[in-house]
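Shown next, in structure tokens, is the structure this report addresses.
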Amino acid sequence: MTRTDTELATAMCQDPTRRALILTALATGACLASSSPCIAEEDLPGSNERPQKGDVLVFAEGDRAGEVIKPQDLQAGGPPVRAWPKDPKTSVVRKGSRLNEVLVVKLEPAELDEETRSRAAGGVVAYSAICVHTGCPITAWVKAAGGDKDVFKCVCHNSEYDPRQGAQVVFGPAPRRLPALPLAMDDGSLTVAATFIGKVGAQQAR
Ligand code: FES
Numbered sequence: 001m002t003r004t005d006t007e008l009a010t011a012m013c014q015d016p017t018r019r020a021l022i023l024t025a026l027a028t029g030a031c032l033a034s035s036s037p038c039i040a041e042e043d044l045p046g047s048n049e050r051p052q053k054g055d056v057l058v059f060a061e062g063d064r065a066g067e068v069i070k071p072q073d074l075q076a077g078g079p080p081v082r083a084w085p086k087d088p089k090t091s092v093v094r095k096g097s098r099l100n101e102v103l104v105v106k107l108e109p110a111e112l113d114e115e116t117r118s119r120a121a122g123g124v125v126a127y128s129a130i131c132v133h134t135g136c137p138i139t140a141w142v143k144a145a146g147g148d149k150d151v152f153k154c155v156c157h158n159s160e161y162d163p164r165q166g167a168q169v170v171f172g173p174a175p176r177r178l179p180a181l182p183l184a185m186d187d188g189s190l191t192v193a194a195t196f197i198g199k200v201g202a203q204q205a206r
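First residue of the sequence shown: 1, per the numbering used here; consecutive thereafter.
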């Protein structure tokens with residue numbers, strides 16, 4: 001019995017180096033059409049666009065990677081979770097650019113300054129996960145060097161950012177605060193209310 005186009009296309013998609021990158025929603029169409037190559041998730045239209053108003057946030061890692069984040073999934077007072085924005089209309093997760101990764105943390109609303117509270121959803125705030133010093137990912141949630149509150153810390157050169165105060169720099173060489181991603185609540189889920197405030201990533205020229 002000869003292999004059908006469908007079987008051949010399916011076999012292509014079983015290449016282990018590519019399989020994990022195939023978007024579920026497009027897998028059928030992309031892989032079952034014999035003339036279409038498998039499409040890496042990072043290559044999908046919109047995957048490298050910055051977060052857009054109306055996007056939902058999904059877990060970037062762990063057992064629940066890809067699941068939509070709800071406020072009750074977050075531990076009050078931190079630690080933050082890493083997240084990707086996802087277009088709910090196309091189901092494209094915007095992980096095509098590392099600059100789209102965000103840190104999401106639930107804090108006591110009374111602890112937030114006024115501006116930060118205006119961008120929060122039920123005490124949940126989100127910021128770019130990329131340090132603005134030289135672009136390392138921010139990986140730590142630790143007691144501030146100059147206080148007793150937990151803050152974001154970039155361990156590359158020890159910059160610290162306080163998420164209660166718009167992620168302003170409270171220690172280290174970072175030249176400016178982290179870009180904030182305003183949030184809203186829609187039907188019990190966190191959604192993006194507006195694009196990043198500020199330039200994401202390290203600024204080469206200032
Ligand atoms: S890259 Fe983060 S402190 Fe230097």
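Virtual Cβ for every residue (Gly too), placed ideally from N, Cα, C.
Considering only residues of the same chain and omitting the five flanking positions on each side of residue i, which have a CB-CB separation below 6 Å?
i: A184; result: A121, T191 and A193
i: A140; result: K153 and V155
i: E111; result: R164
i: E71; result: For clarity, residue 71 is Pro in the given sequence; the question names Glu instead. Contacts found: G122 and V124.
Taking the beta strand (DSSP E) that residue i falls in, what are its first and last residues?
i: S118; result: Counting along the chain, S118 falls outside any beta strand (DSSP E), though it belongs to the alpha helix (DSSP H) covering E114 to S118.
i: D162; result: S159 to D162
i: F152; result: D150 to C154
i: K86; result: V81 to K86
i: K207; result: This structure cannot speak to residue 207, because the chain is shown only from 1 to 206.
i: K89; result: Element bounds for K89: n/a, residue is neither H nor E.
i: A121; result: Looking at the DSSP string, A121 is not in any beta strand (DSSP E), and its letter there is neither H nor E.
i: S47; result: No beta strand (DSSP E) holds S47; DSSP gives it neither H nor E.
i: A184; result: L183 to D186
i: K106; result: V102 to K106
i: V58; result: V56 to F59
i: Q168; result: Q168 to F171
i: L74; result: First-last for L74: undefined, no H or E at that position.
Note down the Cα distance separating residue i from residue j, rounded to an integer number of angstroms.
i: H157; j: R176; result: 14 Å
i: K153; j: G147; result: 13 Å
i: Y127; j: P45; result: 23 Å
i: Q168; j: S91; result: 33 Å
i: G198; j: L181; result: 9 Å
i: T195; j: V56; result: 13 Å
i: D43; j: P179; result: 25 Å
i: R119; j: L74; result: 17 Å
i: G54; j: V93; result: 13 Å
i: D87; j: K95; result: 11 Å
i: E114; j: V170; result: 18 Å
Is residue i near ligand 2, in the sense that its beta carbon is under 6 Å from a heavy atom of that ligand?
i: S159; result: Here the bound small molecules are ligand 1; ligand 2 is not part of this structure.
Assign residue i to buried or exposed, taking buried as 16 or more other Cβ atoms, counted over all protein chains shown, within 10 Å of its Cβ.
i: E61; result: exposed
i: S159; result: buried
i: M76; result: According to the sequence shown, residue 76 is Ala rather than Met. Result: exposed.
i: V155; result: exposed
i: R98; result: exposed
i: D63; result: exposed
i: G166; result: buried
i: N163; result: A small correction: the amino acid at residue 163 is Pro; Asn does not occupy that position in the sequence shown. With 16 or more Cβ atoms within 10 Å of its Cβ, P163 is classed as buried.
Beta-carbon within less than 8 Å of residue i's beta-carbon, same chain only, minus the 5 sequence neighbours each way: which residues are those?
i: A202; result: I130, C131, V132, H133, T134 and G135
i: K143; result: K149, D150 and V151
i: E108; result: A76, G77 and G123
Starting from the C-beta of residue i, find all residues in its chain whose C-beta is less than 7 Å away, skip the five residues before and the five after it, and write them out in chain order.
i: V58; result: G66, E67, V68, I69, A83, W84, K86 and V93
i: G172; result: H157, N158, S159 and E160
If you pair each beta-carbon of the segment 102-121 with each one of the segment 73-85, do three or more pairs fall below 8 Å?
yes
Determine contact between the segment 64-74 and the segment 41-53, defined as no fewer than three beta-carbon pairs at a distance below 8 Å.
no
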